[in-house]
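Counting the sequence shown from 1 gives a position; my numbering is that position plus 12.
Heads up, the thing below is written out as structure tokens.
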Amino acid sequence: MRTRLSSRSVVGFTLIEMVISAALAAMILLSAYMCLSSALSSKKLIEPRIDVLQNARVAMAILTADLRSACPLSKEFEFLGMHRVIGDITADNLDFGTHNYAPKRPGEGDFCQISIFLDKDPETGELVLFRRRNPVIGLDPLAGGSREEISRGLRGVRFEYYDGFDWYDTWGDADGRAKAQGSVIDQPNLSGMPEAVRITLAFDPKPKSRSAAPPGEESFEPPMIFQTIARLNLSTASSSTSGGTPPATGVQESPGPTGPARGVN
13 MRTRLSSRSV VGFTLIEMVI SAALAAMILL SAYMCLSSAL SSKKLIEPRI DVLQNARVAM
73 AILTADLRSA CPLSKEFEFL GMHRVIGDIT ADNLDFGTHN YAPKRPGEGD FCQISIFLDK
133 DPETGELVLF RRRNPVIGLD PLAGGSREEI SRGLRGVRFE YYDGFDWYDT WGDADGRAKA
193 QGSVIDQPNL SGMPEAVRIT LAFDPKPKSR SAAPPGEESF EPPMIFQTIA RLNLSTASSS
253 TSGGTPPATG VQESPGPTGP ARGVN
């Protein structure tokens, strides 16, 4: 009898305790799953942006290195910066000469003709930033040479030009129409070289996912904007223009001898 009584007096879990324990375990597992899901979502969100940051850094380094050593392209065109669009996307282009070039073949020097432009890849539809380089002085300074890819997945390229006083959206006169008009108003952005160029690159934050998505299901997000200013150290305009200081870091210009610098638009 004593053995039977002792076995019946053993304490166990009640039904309510088991239900509460199961509920707490479920809440803990759900919290752990939500944390894991949030971490994976953050990883998917950050990884493509890290690639974009790296691409933007490399593209900016290439462009600024060429512009810092920029020199007149030819007797007809010293420096050309034209505004153009692809659809509704800003796709400005540049044409200039540079001494940022290492000779690779006999007969080449450190001078190279450069063209920076945006074009669409016919296979993927992506906008690609290209650079044309021609180390051989040809009859047409806007043609020839080889084309190389700088970066993919862009949503726009904009260049602005500083003459020491103001910023301009274009520089140079490729077709000669502005000079032919015979305007009495001084237009310093039609000849010579700018003192600085402001570069603005707009990148798609998710270029790979957009190209893989079916048509009509793309979720457009605001582009990632990168901007810097490159000083043209060899600019001939700096010797003839008493300039001001552009309102950004990376470009330093002291006031001219005639007085303080004027404002910059």
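Backbone N, C-alpha and C fix where the C-beta goes; we use that ideal spot for every residue, glycine too.
Asked	Found
Give the DSSP bridge partners of Lys132, in chain order.	Leu139
The beta strand (DSSP E) spanning Ala208 covers which residue range?	Ala208 to Phe215
Does the Cβ-Cβ distance between Val140 and Arg159 come in under 7 Å?	no
Whose CA, out of Val64, Ser49, Pro147 and Leu42, lies closest to the CA of Ile237?	Val64
The beta strand (DSSP E) that contains Tyr45, what's its start and end?	Where Tyr45 is concerned, there is no enclosing beta strand (DSSP E), although the alpha helix (DSSP H) it sits in stretches over Leu27 to Arg80.
In three-state terms, what does DSSP make of Leu201?	In the sequence as presented, Leu is not what sits at residue 201; that position holds Asn. Reduced to three states, the DSSP call for Asn201 is helix.
Where DSSP assigns a beta bridge to Val169, which residues make up the other side?	Ala103 and Leu213
Between the C-alpha atoms of Asp122 and Ser81, what's the straight-line distance to the nearest angstrom?	10 Å
Starting from Glu160, trace the beta strand (DSSP E) both ways and give me its first and last residue.	Ser158 to Arg164
Measure the C-alpha to C-alpha separation of Leu106 and Val70 and round it to an integer number of angstroms.	18 Å
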